[in-house]
Structures are given as structure tokens and as C-alpha cells.
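A quick write-up on the structure given underneath.
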Amino acid sequence: MQTHILGYPRIGSNRELKKACEQYWSGKTSLQELLETGRNICQENWKTQQEAGIDLIPCNDFSYYDQVLDMTLSVGAIPKRYNEVALKTSNSELDLYFAMARGYQKDELDITAMEMTKWFDTNYHYIVPEFYKNQEFKLFSNKIVNEFVGAKQLGVNAKPVIIGLVSYLLLGKEKEEGFDKLDLASKLLPVYIEILQELQAQGAEWIQFDEPFLALDLNEKAKETYQFIYNEIRKKFPKLKFIVTSYFEGLKDNLSLANTLPIDTLHIDLVRCEDQLDDVLDTLPENKSLSLGIVDGRNIWKNDFEKSLQLIQKATDKLGSDRIFIASSCSLLHAPCDLELETSLDNDIKQWLAFAKQKLTEVSLLKKLSEGTTDKAILNAFEENKKAIASRKSSALIHHNDVKQRVDAIAEVDSQRKNAFSTRKKAQEKVLNLPLFPTTTIGSFPQTKEVRSWRAQFKKGSLNSEEYKYLLKKETQKTIQWQEKIGLDVLVHGEYERNDMVEYFGEQLAGVTFTKKGWVQSYGSRCVKPPIIYGDVYRPHPMTVYWSQYAQSLTNNWVKGMLTGPVTILQWSFVRDDQPRSTTCKQIALAIRDEVTDLEKAGIRIIQIDEPAIREGLPLRKSGWKNYLKWAVEAFKISSCGVDDATQIHTHMCYSEFNDIIQNIADMDADVITIECSRSQMELLNAFADFKYPNEIGPGVYDIHSPRVPSIQEMTELLHKAQKVIPASQLWVNPDCGLKTRHWDETEKALLAMVSAAKEASLRYNTNTLETIT
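Numbering of the sequence shown is given in the numbering used here, commencing with residue 361 and proceeding in unit increments.
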């Protein structure tokens, strides 16, 4: 029996990688210093896994930005627009890599970033590969081999982790019509073979191919491509040992496909789909081993050893222990680094948790316990585990009957606005009196070093509450005045009191706790600290009313109240696993509903309830969509439907493919939806146009995830594209997302250009209308 994990967090226990990348991007540190930070993190990760007793240790799971982008660079799938970046002699391979991720705006070049979207149903974002008909590939970067060699030199029993060829193609997007990206498989295969040849020459024994699409709905062409690719690879490498991993769902109807692939070990996710174990055990060929993904890589709850040992025993009884691997369900990328760093968590709650480092120990202990160890320390750890699991089941911290009763009492009327949108629109136009192409932002403004330092001082006690509030008021006032000055129509207060759009609410909701060091990567250098929902959720007091009301008192313009929606709070938290997620979501929805009605009472007439994660939460198999969308849409409506017709409800959604769920988005019945659209050049609007989406929509006209500042002309052209598919009377003008992570100089230039683009669009529309009438 062997142990392994599918990957480990690469940000460092104290976000060392985030800090090093941002210092490099700002020109404050050298490339060598950044590379040294990366090497140190890799070595520390390998050492931690060795000490925990992991047998096969992943390498190439480290990334400076994103593992899919790493693969894109490795196989030379570099869009032509970056050729000039690559030719600049001052640029390194890593500079080209970052240009692809973040855009490039220097050396008289102005190049947009590659598109970014969610990694399956997680809050991690990957950079989407771009594919063209007859595209050629070549080995461009030796990162995969170099990391293996580095690990080997340190005596690490390393297992290179590579995104499987089929999954890599399926993760990408065709950028021209007339071909299927899977047609590129035979062109890409020689590069994969070249990488494997070099790994084999360097002494690699095991290779992990990540093929998450094996757990999704596949068409016949995809299945045939899987067969072709792995048969060709096996012919070339009869002695290499291949682990193919599936995760986030069960193999289900793809089980026969997975069983016929010429590989050595098949990995399955038993956390997300425990029911598949029996079918896998009954059909797994005798020449294959089975990797049991039994320690949750997506959540932070302590593993239930008794339950896991039963599953391991079932597998070993059928296959024998020599054909069993014990593993994490997926990469531990999605878990915080180390629970030992948390010094202020409630001990009753802390005993229920395990972060990435602790999950390594769980994997190792499960192996030893399943082998019948007599080691007293290990047996004591087993007893402690049983006590922690029992404690969580019976804890009074978790259950509140009044919350449960309120959820049970939800009626259909609670998720319905008083009148249809056509009626509400007239009431809102009368009260709000907004112009054509109204301009706004998505919520947050840059959080400068000063703002972050105030928050840190306040938490440490070196700033008292009144001092802290005074500083935030000054910053809010300055932001309101600046928005008025540049001519924005609907303002926001800047959210300077907030650390994160989910964490801020998690800190104020009962049934939720939070960490000090529980960071996970969202994209690039962006890290978040997901709240931990451990019990029944309710709102003890208003959360945002004070700051929204204060901001509104500073201006005659409308100021949006800014809230995070129930589905997003659920998706971006570590959620309790002892009741249905739908029940937890409705509890959160009722808490947000209370906040919405309080905002309305305080005079806030535009309220934005962000739901960037609603598409992300879709089950990976379409068979599960109907049930999820039913309760997810209901939860949003519960949170938003307690207001009058004249109160305008906005929502915001992140990078998503909307075609399949456009009816459900319409069912949410928000008065205005803003979406991220600029990286896709307004492609996402086609779904709304084809559907004839009836409500108002704000397609983002510039990408806030990149430091480049778009021109007025660029934004005007995007607005012109939008007008071709969406009536002007329905259009808003806004950035793609919140501006918290940007710098003020970028923000000021970009928003000035955005306001100018909106005015130009309005002028052109009015001119065209007048000419048509004439």
C-alpha cells in the first residue's frame, strides 16, 4: 500500500509567493529573487511531505501563476499577439508567462491578457488556452523536467504532475470557427511524448496525468481521443508507470472508458462520490491499481478515520493491499496550508479541522491504521480522531432551533417581487432618474497600503474603534467626491472597512468563524481566506447599513448598498458537511434578506447582491443541474425579494459560460445584472441576446484583473459590440469586477476613460436616433 497526494498549496504558509510576485511585477525585486522564493517553497513542500510519510510526492504542482498556463507555455501554445513580448531581449520566459496572464502595457506595446475562468466548480481561476485550426505545438518551456530534476537532487521520490492531454484541450477555447479543439490532439501528442522522454531519461518512474474531464459528461469523440492518446503514449513508454486522476465527481458512465485506458493506477474521488467505489471495485482490471481519494482536498473538516478505514478495508479485501494507494481526493491547492498557524481559533472548533499539512498526516495515518499497526502513538491519534468526530456531532455550538424553524417556514411569496420587471422598471425610472448608459463600478475601490495598515493596527489594538472609523470615513468621503468629479452616475462607498467580499460577512454572521492564516489561492497572487461555516447561520446585527448610510449622506447621487449573495457566501466558504448545502444556503439567504430590508429602510434605493459564484456551483454532471439551480435561484430571490418596486436590485457574476443557464439567470429576476465580458470581447453577451434577456445588463468594458489601462476607443468599441446585441435602453457601463486589487493610478485613468466611452456611446446613439427620425 502506498500513499500520495495529487498536489500541494504553492503560495507558501505566509503567502510568500504572492508577495514575491507582486514585488517582482512592481520592479522592486529581481527575477532571481522571485525564482529563489519559488525554489524555497517547492523544497519546503517536499520536505513537509517527506516528514509526513508520503510515499509518492508530487512535483510540477508548483506554479508562479496557474498550472494550466504552465502547460500552455510548456507546449508552446502561445497566442501570436505575444510574439513581440517574447522577442524583447530584456524579457525572460517568466515575463512572457506573466504577460499572457496579466496583459502587457509597456515598451510601446499594449496587449490584452488571455481569458480567465473558473476551475470546474471551485473558486480557483485558470488561464484559458487559445486554440486555432491547424495550430502547431512545440516544447517551449522545460519547467516540468526541471522541477523533477530539482526534486530528485534533493532525494525526493517525486511524481511529476501533468495536466492530461485530453483535459488540457477540453479546458481551452477555439478562437476561430470550423474546427474542434480535439482535432489538435495528434499535433499536441509529440510534445507530450518529448516531455515524457526527457522525464524517463532523468529517472522518473511514476507520472500523474490529471484528467478531471473523466468525471464529466463526455461525447464519443472525447472518449475516442482518450483511447487514442493513452494507447499511443503506452506504446512509446511501456515501462513508465501512469496514474490517471479523476476528481470533483464520480466516473459513472465513463468507468468503462477509464478501465480500458492502458495505465497502471486509476484515481477516484471518494469524497465527492463515495457511491462509485463498489462499481470500480467490481470492474477494475487485474493489471490496475486503485488510488482512493479519501482525504478531502476541498474542505477543512477532519477526516473520519472510522468511516475511511471501512472503505479502505472494502478495497483491500477485493484487490489486496498491494494494489491500493491512499490519497487526497484532489490537489490540496484548495485547502489552507497549516492549521498549526491558527492561534486564535476556538479550540472546540479547531479540533474538528485539518488543513493541508494535517491532511498529509491523515493520509499517512490511514495507511498505518489499515495495516494494523500496534504503535501506541498512532492508536492514540485514532482515539483522538474518534473523540473529535463525536464532539462535532453533538456540539451545542452548531444547532439553533429558531434558525431551523425560520427556514422551515419559508413560503413561495418570500421569493417573489411584488410586481414584474416591466412594472418595477417604470417605478425605478421615476425615482432614480438615471441617464442612458448609466455608469457605475462593481463595488470596491483600491485598498492602499494605508487602508490595510489601518485595519492591521485596529486588529492589533493600536488604533481604537473611533480612530479607525474616522480614517475610514475620510477615505470614503474622498472616494465619493472623486466619483462625483469624474461623472459616475451610481456611486459606491469603496468598501474600505472590508477585508474580502465573503470574509467580511463571515466575520459578522453567527454560525461562522474565520482564520488568521487560512489563505487559499483564487488566481495568480490573489489569495482569499474562506470563512468556516460550522453551524446554523443567522445575522445578529446589521452588517453594512452604517457605511452605506454614511456614504449616501455625502452625495446627491445614488450610492449602491453592497452585499454578497447567499450562493457566493456558500461557495466561497468552507461549508459544514453535516446537512444539505441547500439548507445552509437558505439560512444565509434569510440573513442577507434582513440586511436588504434594513438598507431599504435606511434610504438606500439601489442594492447590489453579488452572485459571482452561482455558475461555479453547478454540479459537474448535467443530471444534477436542475436540483441545484432550483435551490440556488430560490436562495437569491429569498435574499432580494423583500423590497418595494422602486428599489433596484443589482447582481454581479464573474467569468462564466451563461448559455446553459440563461433561463435560470432570468429567473433570478434582478433588475440589473453586471457581468465580466471584456476578456471574451463581449462574446458572453450572445447568450443574453439570443435569449432576449428582458432586464438590464452591464457588460464589463475593461478587465480589472490586468494592470493595463484600456483606451477610450477600446471601451467604446466594446460598447458598440454590446449595442449590436442588447438594446441601448438595457445597457449599463461598468468595469468587469471590483477594483480592490488595483492601484489608484490605473483605476483613475481607466474609469475616466470608461466615463468618456459611455458619453461617446450616448452621443452616438442620440445622433443615430435623430438621423433615423429625420
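Just so you know, even glycine gets a beta-carbon here, dropped at the ideal spot from N, CA and C.
From a predicted model like this one, the values you see are computed outputs, not experimental measurements.
Between the region 537-555 and the region 450-465 there are fewer than three C-beta pairs closer than 8 Å, too few to call the two in contact. Straight across, the Cα-Cα distance linking F491 with L725 is about 44 Å.
Rounded to the nearest whole angstrom, the CA to CA distance from K498 to L391 is 25 Å. As the crow flies, the alpha-carbon of T643 is around 14 Å from that of T625.
The secondary-structure analysis by DSSP pairs S804 across a beta bridge with G854. For C1014, same chain residues with a beta-carbon under 7 Å away, outside a window of 5 residues either side, are P972, E1036 and C1097 in chain order. Counting along the chain, the unbroken alpha helix (DSSP H) around T944 starts and ends at R941 to K961. CA-to-CA, the gap between N443 and E404 works out to about 35 Å. Looking at the DSSP output, I966 bridges to Q1008. E475 counts as buried, since at least 16 other C-beta atoms from the protein chains shown sit within 10 angstroms of its C-beta. Sequence-distant partners of Y1125 (beyond 5 residues in either direction) whose C-beta falls short of 7 Å from its own C-beta, in its chain, are L796 and A1088. The region 941-952 and the region 873-884 do not touch, with fewer than three beta-carbon pairs separated by less than 8 Å. Between P520 and C419, the C-beta spacing is below 8 Å.
Here E580 has no same chain residue with a Cβ atom under 7 Å from its own Cβ, once five neighbours each way along the sequence are excluded. Taking a cut-off of 8 Å for Cβ pairs, the region 797-813 and the region 1109-1122 touch, as three or more such pairs fall below it.
Secondary structure at K379: helix, using DSSP grouped into helix, strand and coil. By the 16-neighbour rule on beta-carbons within 10 angstroms, Y384 is buried. Residue state for A695 is assigned as coil, using DSSP reduced to three classes. Following the DSSP letters along the chain, one finds Y988 inside the alpha helix (DSSP H) bounded by residues W985 to S1000. Note that the C-beta distance between S885 and K378 is below 8 Å.
Q587 sits away from L611, with the two beta carbons spaced by 8 Å or more.
Judged by their CB atoms, I1072 and F1048 are not nearer to each other than the 8 Å cut-off. Bounds of the alpha helix (DSSP H) holding L429 are Q427 to S434.
For the 8 Å CB-CB criterion, Y856 and Q807 form a contact. A direct Cα-to-Cα measurement between I686 and T721 gives close to 12 Å.
Ranking L1112, T1127, Y457 and A461 by CA distance to the CA of K845 puts L1112 first.
A check of alpha carbon separations from L699 across V880, A787, S681 and G563 identifies V880 as the nearest. Counted as a single uninterrupted DSSP element, the beta strand (DSSP E) harbouring V888 occupies residues R886 to V888. In this chain, the beta strand (DSSP E) harbouring V604 covers K601 to T605.
For P1059, no alpha helix (DSSP H) segment is defined; the enclosing uninterrupted segment is the beta strand (DSSP E) at E1056 to P1059. Short of 7 Å from the beta carbon of G367, and not among the five residues preceding or following it, lie these beta carbons of its own chain, in chain order: P418, D421, V521, S691, L692 and L693.
Membership of L626 in the beta strand (DSSP E) is indicated by the continuous run T625 to D629. Annotated as proximal: A473 and D1063, with beta-carbon spacing under 8 Å. DSSP, read as helix, strand or coil, puts P645 in coil. Inclusion of I964 and G921 in the CB contact set at 8 Å is warranted, their separation being smaller than that value.
L416 and H364 do touch by the CB rule: their CB atoms are close to 4 Å apart, below 8 Å.
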